[in-house]
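Chains as they are written, first to last, in our numbering: chain W, 945 to 1758; chain R, 21 to 218.
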């Protein structure tokens, strides 16, 4: 560890020197009336271009009107910075403080009758690393309507994204079939660092404090670093706008299922040079209900808070941000099992075991997670270059409580604390001929510790992790074609200290390095037609849990890559802790090719995205036997590596029938195979189709601006599932001393995938006459009270998914 | 002049980063006492007449490792004899007696038994693992007057052989009632011995 840090200390002063030279290079240029501002105006509710909006420089006569396609340009401006006012009949007026370093690019005006605010997406806030990479953004309308959902569920409204769940409370995003350590989450510009290795560890982020959610579907490793094999989920808070009056919103939501009460607020204020943001939310939820029975111990208690401040001067922006997230959530009581006999009974029981009456109590098994993020970033702007330095500090605390004997029941079985520091330095360099680009350096330091007092041998060891990455991304525009190239080098050093089952100490120092590259191409084929294609490599070093995990996890045992050996009799033993000398564990390396074609026309838009992802040294678990211990019989799994191939297509389209009706359609298809062993994987998201119909009939008496929405979804049965070996078959095999996995160690599932299912949601939004700032909505989810089980829900063995849910919400804006 | 300020801020950033990197932290994980692990189960059959007790042990030295546990051969009991059977649970890794914990929490724990019919005259049948109301001679009760099973009585039938299964269930949060069977709660012990009556 120590030598690595010394290396870094030597490197960083080098960067400081580099900064000084850049700063000197940013020289003043003489002012003249040569400034201009341009962009495209859209209707926020439909995402279609908005014709003939008026654009005016505040307190002057200078202005223009957007053309038919929403485009505008004002040239010959003498001032570098000014306030600009966008207006259109029937839409909310928007005032924006403009400076030449932020291109306007996209201006979204909100119709007066919706609860949304008009927003500007500035050039550099256009998310994603590359123009050629496919980025899909959750539409503001869908985001606003479903803001009380978990981050995972909300992200899954983007085509190509699905969820890995452990019941209703623990939801992780799956992007193009990959999840956990293979999906990177970037919250507010900072990599979200948490115990991502666990399938039942959801990201600790409250989406109600965010404003934009988008997905980069390509391998965006060059820009964001390791782990982005499947893609990147980007979450951003609202922009802190200068020169804006005190504004805010208060949102109250009640849900029948779980009898939850939820509230959130947001306050914003902008001065000439300073802007502030404060927001917070609170959720209290009791036991949820499946059609026909209560889901005991599925309550949730969540609190979150975010504070931000931004200082702006003509060449410099300084942003500070702090957020706090605190969540306690129950896990279905009937899903907690001991040995295989218990598991068999839990699976067989029609209604989950231990089902009781409704309650707000949260007992074991449960999780408590607290995440704090602090960020400070400074950005310098010059005529044609900018310079960013950003520091992030995160504290992630995770406690997991199992059902245990005696006083241990109040002790967490897992109690981890992860500190992460990150420093990003980026220089957006001046154009070199036709090439523009970014050069950046990323440094991360992490300290992961097991806190004492669990009375269990730590499941994963303590570790310290240092990573250093440097990247270059260049993009050249030739006519209507953009070519992009990116290159990155990472070095990662980990020092690990853990305890074996007998409390003996073990330790190791590991290092990994990798070169990643990306190449992309974007073509504006013709008006409204864009083609993008991108090939990128991605990597991630094996996680400590994949190397060192040992022991029982509910009804199965698992042994990490360095915790088991196979002896000459082909038996698995786990008496020794291995090192890289005994078994080499190379990093996972992936190559992903993503192409998309987008068409946007007057009344309709469509996009189709295809991808191929090949991952070498893919780490997975496979069954290796059944062990009999004092508690009974348990199947055990060992970690291994193989090659994985994932191929898929996402499609989405929308059509505006007329002033009142609007349709949206989406579909996601994924095919994946373990090509190393020629087998299927467990838990691939099945094909799903979605259709959304919006109807805006206008006013009914005292209710104004009514909007009705019908949301239909069909999820198919997964046809690419591995073989099924039932728990009883496992028990019988153990009893008759047959080794089920000796001749065939293909992965298996305890149950076949659930049937396909159809879900229907409806919602109705309205305003009340003479109460212009209040927006109400009523939603009914799973209107048909359909019983269904989600294949990618880990609790599908035990209980049905949620039944009907009435959601009432009121939002007050000022 | 302003530029200088930015630079000092920047230097501050870097210094801060370096300071953190300098904190070399080699914390070792704490030594934990995994109280809940049971490595050894010992059954002691004491003849009521006063003859020498017969013991049977099952031990699993690798705990959560993949090796199977080893019951130390068959239990051999005399025909037509009355025995008192006690159960002792130990964690040999930590050298700890887990039996006491079960006694302390007997209102959340219960032993169930399953055996070949008709190896015993009393209790008759094949035990109460499959059906709570089947006969079994518990000698101990918890505070709610429900049986526990750390001590039980057995009267063997004539010579024969078969299996003897002992299952300990953890039934917390009022799951243990006067009717709760072996299908409630999680298994903490589930061991099968061969049994010979001679």
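For glycine and all other residues, C-beta sits at the position ideal for the given N, C-alpha and C.
Using a CB distance below 8 Å, the part of the stretch 1394-1427 of chain W facing chain R consists of 1394, 1395, 1396, 1397, 1398, 1399, 1400, 1401, 1402, 1405, 1406, 1408 and 1410, ordered along the chain. When the five nearest sequence neighbours on each side are left out, the beta carbons in the same chain lying within less than 8 Å of the beta carbon of residue 1694 (chain W) are those of 1287, 1291, 1668, 1669, 1670, 1671 and 1741, in order along the chain. Of the residues assessed, residue 1459 (chain W) falls on the exposed side of the cut-off, its CB having fewer than 16 other CB atoms within 10 angstroms. Chain-order list of chain R residues neighbouring residue 1518 (chain W): 82, 84, 85, 86 and 87, by C-beta distance under 9 Å. When 9 Å is used as the limit between beta carbons, residue 113 (chain R) is near these residues of chain W: 1445, 1446 and 1447, in chain order. Excluding sequence positions up to five before and after residue 1279 (chain W), its CB lies within less than 6 Å of the CB of 1739 and 1742, all in the same chain and listed in chain order. Against chain W, the CB of residue 126 (chain R) has no partner CB under 8 Å away; the residue lies outside that interface.
When CB distances to chain W are screened at a threshold of 9 Å, the residues of the stretch 47-80 of chain R falling below it are 47, 48, 49, 50, 51, 52, 53, 54, 55, 56, 57, 58, 59, 60, 61, 78, 79 and 80, in chain order. The C-alpha of residue 1575 (chain W) is placed about 22 Å away from the C-alpha of residue 1276 (chain W).
The three-state secondary structure of residue 1116 (chain W), taken from DSSP, is strand. Listed along chain R are 206 and 207, each with a C-beta nearer than 7 Å to that of residue 1286 (chain W). Taking 8 Å as the threshold, the shortest C-beta distance from residue 1527 (chain W) to chain R does not fall below it. The alpha-carbon of residue 1514 (chain W) is positioned some 12 Å away from that of residue 1508 (chain W). Those residues of the stretch 1651-1679 of chain W placed with their C-beta closer than 8 Å to a C-beta in chain R do not exist. Under the 8 Å criterion on CB atoms, residue 1620 (chain W) is classed as non-interfacial with respect to chain R. The alpha-carbon separation between residue 1179 (chain W) and residue 1155 (chain W) amounts to approximately 8 Å.
In the DSSP assignment, residue 1089 (chain W) falls within the alpha helix (DSSP H) that extends over 1084-1089. Going by DSSP, residue 111 (chain R) is part of the beta strand (DSSP E) stretching over 102-111. For the 8 Å CB-CB criterion, residue 1112 (chain W) and residue 1232 (chain W) form a contact. Boundaries of the beta strand (DSSP E) harbouring residue 1435 (chain W): 1425-1443, taken from the DSSP string. Residue 1161 (chain W) sits in coil when the DSSP states are folded into three classes, being neither helix nor strand. For residue 206 (chain R), the enclosing beta strand (DSSP E) begins and ends at 206-217. In summary, residue 1019 (chain W) is exposed, with fewer than 16 beta-carbon neighbours lying within 10 Å of its beta-carbon over all protein chains present. DSSP places residue 1550 (chain W) inside the beta strand (DSSP E), whose first and last residues are 1548-1573. By the criterion of a C-beta distance shorter than 6 Å, residue 1481 (chain W) is surrounded in its chain by 1460, 1461 and 1535, once the five residues flanking it on both sides are discounted. In this structure, residue 1143 (chain W) and residue 1108 (chain W) form a Cβ contact; the two beta carbons are roughly 6 Å apart against a cut-off of 8 Å. Collapsing the DSSP output to three states places residue 1411 (chain W) in a strand. Counted as a single uninterrupted DSSP element, the alpha helix (DSSP H) harbouring residue 120 (chain R) occupies residues 119-124.
With a threshold of 8 Å between beta carbons, residue 1013 (chain W) makes no contact with chain R. Segment contact: the stretch 154-170 of chain R against the stretch 120-127 of chain R, three or more CB-CB distances shorter than 8 Å; contact assigned. Of all residues in the stretch 1334-1352 of chain W, only 1335, 1347, 1348, 1349, 1350 and 1352 place a beta-carbon less than 8 Å from a beta-carbon of chain R. When the five nearest sequence neighbours on each side are left out, the beta carbons in the same chain lying within less than 8 Å of the beta carbon of residue 1577 (chain W) are those of 1283, 1284, 1285, 1570, 1571, 1674, 1675 and 1678, in order along the chain. Distance check between residue 1645 (chain W) and each of W:1125, W:1523 and W:1711 places W:1711 closest, using alpha-carbon atoms only. The secondary-structure analysis by DSSP pairs residue 67 (chain R) across a beta bridge with R:103.
Here the alpha carbon of residue 146 (chain R) sits roughly 8 Å from the alpha carbon of residue 154 (chain R). Annotation: Cβ neighbours of residue 1307 (chain W) in chain R (cutoff 8 Å, chain order): 193.
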